[in-house]
Amino acid sequence: MATTTQTIPRRRRRIVGVSTKMYFSAARTKSFVNAILSLLASSGSDSLDDIDIFIVPDHVTLAGVVCQVETAAAAGRVERKKVIIGAQDCHSAESGAFTGAVSPAVLAEVGCGMVELGHAERRRLFGETDESVRDKAKAVVRCGMVPLVCIGEVDGFGGKGKGAEGRVQAAAEEVMVQVRSVLGALPAEAEVVLAYEPVWAIGAAEPAPVEHVRGVVRRVRESAEVKGRREGSVRIVYGGSAGPGLFERLGGDVVDGLFLGRFAHDPEQFYRTVCEVAEGLM
Numbered sequence: 001m002a003t004t005t006q007t008i009p010r011r012r013r014r015i016v017g018v019s020t021k022m023y024f025s026a027a028r029t030k031s032f033v034n035a036i037l038s039l040l041a042s043s044g045s046d047s048l049d050d051i052d053i054f055i056v057p058d059h060v061t062l063a064g065v066v067c068q069v070e071t072a073a074a075a076g077r078v079e080r081k082k083v084i085i086g087a088q089d090c091h092s093a094e095s096g097a098f099t100g101a102v103s104p105a106v107l108a109e110v111g112c113g114m115v116e117l118g119h120a121e122r123r124r125l126f127g128e129t130d131e132s133v134r135d136k137a138k139a140v141v142r143c144g145m146v147p148l149v150c151i152g153e154v155d156g157f158g159g160k161g162k163g164a165e166g167r168v169q170a171a172a173e174e175v176m177v178q179v180r181s182v183l184g185a186l187p188a189e190a191e192v193v194l195a196y197e198p199v200w201a202i203g204a205a206e207p208a209p210v211e212h213v214r215g216v217v218r219r220v221r222e223s224a225e226v227k228g229r230r231e232g233s234v235r236i237v238y239g240g241s242a243g244p245g246l247f248e249r250l251g252g253d254v255v256d257g258l259f260l261g262r263f264a265h266d267p268e269q270f271y272r273t274v275c276e277v278a279e280g281l282m
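Counting from 1, position 58 in the sequence shown corresponds to residue 58 in UniProt numbering; the numbering is continuous, with no gaps.
Set out below in structure tokens:
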């Protein structure tokens, strides 16, 4: 049964998020979220009004994290709809004999608003495919949540011999196969966040070159698959080794935000990046 939960505002708002992957203990997750909520509560201004924040903990702690955020919202410390709690994966069916799987319907029931799908690690380690990501995205939307779909080329040297422009074009062609698979299966009005993470840049010391990211994301944004959807319903964030100062270098005219990794496992650094993205709106 479909469940209606949080929805992301329809216009293209800025968005910044972080996944804890499987790095945190339950105690550290609780402490991490409390620290972020305290920092958001202490901002004391309207500077973060036009930015959404998402936190993607492990499945075990997710319901507890939702409770932490709802408690803070009830106390007037944060605005509930602006802090989106996401899951790191789900099954494509709402229920059934799928031992060990996570139901999207149950995620929605406990207050999850987003589900990350298709991360390169899940593709490499667990055999995730464009088809399975598509089916999971359909289930996520059916259950009233937002799919956070990871897209990205595997090889940083695609289009070799054709220069930087050739590499951008080769990357965009590879990425658009992933984008078409998902968007073609979803209702035109569905909210989607695309996280562009070149596989070769994940965990690297430096992010992909700025012009490469801008070139690939611009091609995705200008594609018929994206332009043909409701205005503001598709947001694109960058996620490969993202950190402070990157959003300004990338430019908010192309990317809508950042999907942060281990760098943002420090609450202060996460908050600093949120503020940097918010400042880019002024």
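Cβ atoms here follow ideal geometry from the backbone N, Cα and C, with glycine treated the same way.
Exposed or buried, which one is residue i when buried takes at least 16 other CB atoms within 10 Å?
i           : result
residue 1   : Confidence at residue 1 is low in this model, with a pLDDT of 48, below 50, so the placement of that residue is unreliable and no value is reported for it.
residue 187 : exposed
residue 145 : buried
residue 126 : exposed
residue 134 : buried
residue 124 : exposed
residue 278 : buried
residue 29  : buried
residue 266 : exposed
residue 238 : buried
residue 128 : buried
Since residue i is in the alpha helix (DSSP H), which residue starts that stretch and which ends it?
i           : result
residue 271 : 267 to 279
residue 246 : 246 to 250
residue 98  : Looking at the DSSP string, residue 98 is not in any alpha helix (DSSP H), and its letter there is neither H nor E.
residue 126 : 120 to 126
residue 39  : 26 to 41
Which whole-angstrom value describes the C-beta separation of residue i and residue j, a residue pair presumed to lie in contact below a C-beta threshold of 8 Å?
i           : j          : result
residue 139 : residue 92 : 5 Å
residue 322 : residue 16 : Nothing about residue 322 can be reported from this structure: the residues present for the chain run from 1 to 282 only.
So the beta strand (DSSP E) residue i belongs to, where does it begin and stop?
i           : result
residue 14  : 14 to 19
residue 114 : 114 to 117
residue 80  : Unbroken run through residue 80: none, as it is neither H nor E.
residue 236 : 234 to 238
By alpha-carbon positions, which one of the options ends up nearest to residue i?
i           : options           : result
residue 105 : 24, 113, 143      : 143
residue 185 : 225, 52, 167, 235 : 225
residue 195 : 240, 231, 170     : 240
residue 155 : 275, 120, 99      : 120
residue 295 : 24, 148, 222      : Residue 295 falls outside the range modelled here, since the chain spans only 1 to 282, and no answer is possible.
residue 113 : 191, 48, 263      : 191
residue 65  : 76, 78, 234, 85   : 85
residue 19  : 33, 228, 43       : 33
residue 100 : 59, 68, 236       : 59
residue 67  : 102, 110, 244     : 110
residue 102 : 244, 75, 83, 63   : 63
residue 116 : 268, 150, 128     : 150
Who pairs with residue i in a beta bridge, going by DSSP?
i           : result
residue 49  : Paired residues: none, contrary to the question.
residue 172 : Paired residues: none, contrary to the question.
residue 150 : 195
residue 55  : 18, 85
residue 257 : 15, 237
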